[in-house]
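For reference, the structure discussed in these notes is given below.
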Amino acid sequence: MIREKILGVKEESRETLAENIPVRPPVMCPGCPHRGLFYILGKLQLNVSGDIGCYTLGALPPSDAMDSCICMGASIGMAHGMANAKGEQFGQKTVAVLGDSTFIHSGITGLIDIVYNKGTATVIILDNSTTGMTGHQHNPATGYTIKGEVTRQVDLVKLAQAVGVERVRIADPFDIAELEKIVQEEIAAAEPSVIISQSPCALLKDVKPGKALKINPEKCKKCRKCLAIGCPAIVDQGDFMEVNEVLCTGCGLCTKVCNFKAFETATGEKAGDING
Ligand code: SF4
Ligand code: SF4
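Numbering (my numbering), first residue to last: 1403 to 1678.
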């Protein structure tokens, strides 16, 4: 009765509603540029010190690629502290991951500490040109004020170099083969390093979606490897796999993990045109 008064819904209609809501685990959006990075971090089985943002979803299946998330800006200090406490071998399997706006908000101090204290941690900045989780606000790395006016833009590469990081790399999170190589090189380096995983949020209005893909049933072996990237547009129908063409942004990440070139454009272009 109290619930009915507060919510204005009857108990029976709430039950009907619950029955009709499809199960949808929290996942990154289709076309999200963070997906490729977390797929690689999970594949490499690294210790991932995470932070606060939409990318915190990387902690959830199927990537399962975030081991700690304490508070905003803590990822870098946590990675540095864990590496110091647990030794060099652990440190070389440990990365800090945080977004561009979180890095500017409170991550930069941790990076200064790593350099100052002669740490060797690898910091991965997810630069998606916006502040995704809280509603697409600008931040000092986008080049626009919070009101959308053009302003001075913080250059993340120069900023990392200015505090003493000599190894700074920019990576394309959709080129997962190259990204994996870069991550392996930087975690092996005996000095601090920064990787900027750079690609805009799929929901920014200037980011135009590509052609939706489909799965060719004659090529698909139903191995389900593509499910490992956790794209909500890829649906396991039991007897067959399919792409929800309404959700698909055509980002092409799935084409990089399918060994059978089964993903094609909905208009029938050959797999080779999109499978790099
Ligand atoms: S990875 Fe390729 S072959 Fe395997 S289930 Fe997915 S689409 Fe089919
Ligand atoms: S189905 Fe493939 S191309 Fe479409 S959004 Fe998902 S990963 Fe990107």
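Yeah, the Cβ is synthetic: ideal placement off N, Cα and C, and Gly gets one too.
Q: For Val1659, I'd like the list of residues in its chain whose CB is within less than 7 Å of its CB, leaving aside the five on either flank, ordered along the chain.
A: Lys1627, Cys1628, Ala1630 and Ile1631
Q | Contact set for Asp1451: own chain, Cβ-Cβ below 6 Å, skip 5 residues either direction | A | At residue 1451 the sequence reads Ser, which differs from the Asp that was named. Result list for Ser1451: Ser1470, Ser1477, Met1480, Ala1481 and Ala1498, in chain order.
Q: Flag Leu1605 as yes when its Cβ comes closer than 7 Å to any non-hydrogen atom of ligand 2, and as no otherwise.
A: no
Q: Assign Met1403 to buried or exposed, taking buried as 16 or more other Cβ atoms, counted over all protein chains shown, within 10 Å of its Cβ.
A: For Met1403, the predicted model reports a pLDDT of 49, less than 50, meaning its position is unreliable; a value from the coordinates is still stated below. Looking at its Cβ environment, which holds fewer than 16 other Cβ atoms inside 10 Å, Met1403 is exposed.
Q | Residue interval of the alpha helix (DSSP H) (run including Ile1584) | A | Ile1578 to Ala1590
(Q) Does Met1468 come out as helix, strand or coil in the three-state DSSP assignment? (A) coil
Q: Could you tell me the distance, in whole angstroms, from the CA atom of Thr1651 to the CA atom of Pro1432?
A: 6 Å
Q) Under the rule that 16 or more other beta-carbon atoms within 10 Å means buried, what is Pro1611, buried or exposed? A) exposed
Q.
With H, G and I counted as helix, E and B as strand and the rest as coil, what does DSSP make of Ile1548?
A. coil
(Q) Going by DSSP in three states, Asp1529 sits in which element: helix, strand or coil? (A) strand
Q | Ile1584 and Ala1573 closer than 8 Å at C-beta | A | yes
Q | Glu1421, buried or exposed, once every other Cβ within 10 Å from all chains shown has been counted against 16 | A | exposed
Q. Among all the DSSP beta bridges, which residues are the ones paired with Lys1616?
A. Glu1666
Q | Alpha-carbon to alpha-carbon, Glu1417 and Ala1543 | A | 46 Å
**Q.** CB contact flag (Ala1467, Leu1443, <8 Å)
**A.** yes
Q) Cα-Cα, which of Phe1492, Gln1447, Asp1515 and Lys1624 is closest to Lys1663? A) Lys1624
Q: Using only the heavy atoms of ligand 1, determine whether one of them is closer than 7 Å to the beta carbon of Lys1616.
A: no
Q) Taking Met1535 as the reference, which of Leu1513, Leu1561 and Asp1502 has the closest Cα? A) Asp1502
Q.
Out of Leu1439, Pro1435, Gln1447 and Ile1472, which one is the CA nearest neighbour of Asp1453?
A. Ile1472
Q: Check whether the Cβ of Met1430 lies closer than 7 Å to any heavy atom of ligand 4, and answer yes or no.
A: Only ligand 1 and ligand 2 can be found as ligands here, which leaves ligand 4 out of the picture.
Q. Considering only residues of the segment 1622-1646, which uninterrupted beta strand (DSSP E) runs meet the minimum length of 3 residues and lie entirely inside it, listed in chain order?
A. 1636-1638 and 1643-1645
Q: Could you tell me whether the Cβ of Gly1509 comes closer than 8 Å to any Cβ of chain D?
A: Checking the listed chains, one finds no chain D in this structure; it contains a single protein chain.
Q.
I'd like to know if the segment 1631-1649 and the segment 1596-1605 are in contact, where contact means that at least 3 CB-CB pairs between them fall below 8 Å.
A. no
Q.
Looking only at its chain, what residues have a beta carbon closer than 6 Å to the beta carbon of Leu1439, apart from the 5 residues adjacent to it on each side?
A. Pro1575 and Ser1599
Q: Determine the burial state of Gly1537: buried for a count of at least 16 other Cβ atoms within 10 Å of its Cβ, exposed for fewer.
A: exposed
Q.
Can you give me the C-alpha to C-alpha distance between Arg1554 and Asn1541, rounded to a whole angstrom?
A. 11 Å
Q. In whole angstroms, what separates the C-alpha of Ala1562 from that of Leu1513?
A. 8 Å
Q: Kindly indicate which residue of Ile1578, Glu1647, Leu1615 and Glu1666 has the alpha-carbon position closest to the one of Tyr1441.
A: Ile1578
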